[in-house]
Amino acid sequence: MADREGSSRKDWFMFHFSSVKVLGEQSLVAAPMGQGVLRKDKAEDWESINNGLPGGTHVNRLYADQDQLTACTNQGLFHLHNDVWEASGLVIGCYQYKQVGRMGIAATQYGLWSGLGGNWSQTAYPNSIVYDVLYLPQFIVLALDRGIAVYDRLTGAWMEYSLGSAVISLAAYNGIVLGVTERGELLQGNKRGGFDKINFAGMFIFSIVTKGSNVFVCSDRGLYRLSTIHNQITLLSVKLGCPVTDMDSDGSSLYLATLFEGVQMIGQ
């Protein structure tokens with residue numbers, strides 16, 4: 000049973016939200032920083048769904064696959080079953096999770112891990128923090144505490160790009176790998192064997208999110224959609240006026256996790 004006590008009395012606008020996801024056809028889930036996970040069914044109020052999460056759990060990212068929900072937390076990886084969080088067997092700090100067929104892959108404080116049937120093994124970069132992972136047909140791309148690493152499936156080798164800062168978010172756009180640094184800078188693959196930093200005057204970028212064929216940029220100024228003009232990346236404003244940390248879409252509406260205005264919904 001979900002923990003509903005006090006959920007209707009709290010002003011969730013007071014909390015910074017780090018992640019938001021559409022879950023199935025009816026629900027929206029979000030992670031207010033330091034407050035576990037919330038769920039909202041259409042016109043209903045937000046309710047806490049924290050049963051099974053250890054005390055002091057901070058949710059870094061949520062991952063939704065249809066009606067299956069996974070929480071990447073500072074205490075490990077958890078899957079939600081019947082409104083109770085169950086430990087996955089991976090009990091180290093986790094920053095991202097992807098389901099690839101029957102296999103799960105997790106970006107953690109001790110490298111990249113892969114799991115099958117609850118059995119986890121360390122896959123790559125055990126001495127590095129991995130903040131995000133991009134799983135592409137030919138490549139696996141990791142966001143590291145010191146740059147970006149790329150695994151080429153054809154050669155079976157890793158290539159590492161030291162960038163002088165941690166990379167915390169990844170996306171692919173028009174065949175080019177993009178990243179976000181801990182300093183809020185946008186990285187772009189330059190087709191010359193490296194990455195260039197793109198600065199948008201005074202803007203701090205929190206994350207980049209892929210939805211369908213679109214890539215969205217979440218920043219301290221609001222939400223933008225990535226575009227190109229004359230082969231150069233540009234940003235088209237979607238929602239301005241409040242810092243946006245994450246977003247998701249159900250095909251007709253966009254849902255934004257913000258720092259100061261809760262979870263916002265806008266038409267797509």
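In numbering that gives the first Met the number 0, the protein residues as written are 0 to 267.
Here a beta-carbon is modelled for each residue, glycine too, at the ideal position from N, C-alpha and C.
Integer Cβ distance of Tyr-62 from Thr-69, believed to fall under 8 angstroms: Position 63 of the sequence shown, counted from the first residue, corresponds to residue 62. Position 70 of the sequence shown, counted from the first residue, corresponds to residue 69. Confirmed, Cβ separation roughly 4 angstroms.
Opposing strand residues paired with Leu-153 [DSSP bridges]: Locating residue 153 in the sequence shown gives position 154, where the first residue counts as 1. In DSSP, Leu-153 forms no bridge with anything.
Proximity to Asp-44 [Cα-Cα], best of Leu-27, Val-237, Ile-207, Phe-205: Here residue 44 refers to the residue found at position 45 when the sequence shown is read from its first residue. The shortest Cα separation from Asp-44 among Leu-27, Val-237, Ile-207, Phe-205 belongs to Leu-27.
Per-residue burial, Ser-18 [other beta carbons within 10 Å of its own, 16 or more giving buried]: Residue mapping note: residue 18 aligns to position 19 of the sequence shown, counting from 1. Classification for Ser-18: buried.
Whole-angstrom C-beta distance between Ser-161 and Gly-146, which should lie under 8 angstroms: Locating residue 146 in the sequence shown gives position 147, counting from the first residue. Locating residue 161 in the sequence shown gives position 162, counting from the first residue. Indeed, because the Cβ distance is near 5 angstroms, the residues count as touching under 8 angstroms.
Identified DSSP bridge partners for Asp-249: As a working mapping, residue 249 is identified with position 250 in the sequence shown. The partner list for Asp-249 (beta bridge, DSSP) is empty, contrary to what the question assumes.
Proximal residues to Thr-180 (C-beta, below 6 angstroms), its chain only, five neighbours per side dropped: As a first step, residue 180 must be located in the sequence shown, where it is residue number 181. If we look at Thr-180 and ignore the five residues flanking it on each side, its Cβ neighbours are Ser-164, Val-166.
Unbroken beta strand (DSSP E) run spanning Lys-190, endpoints: Residue numbering aside, residue 190 sits at position 191 when the sequence shown is read from its first letter. According to the DSSP assignment, Lys-190 belongs to no beta strand (DSSP E), since it is labelled neither H nor E.
Close beta carbons around Met-264, own chain, < 6 angstroms, minus the five adjacent residues each side: In the sequence shown, the residue the question calls residue 264 occupies position 265. Sequence-distant partners of Met-264 (beyond 5 residues in either direction) whose C-beta falls short of 6 angstroms from its own C-beta, in its chain, are Ser-252, Tyr-254.
Three-state secondary structure (DSSP) of His-15: Position 16 of the sequence shown, counted from the start, is the residue given in the question as residue 15. In this structure, His-15 counts as coil in the three-state DSSP scheme.
DSSP bridge partner residues for Ser-236 (one or two, in chain order): Here residue 236 refers to the residue found at position 237 of the sequence shown. Tyr-223.
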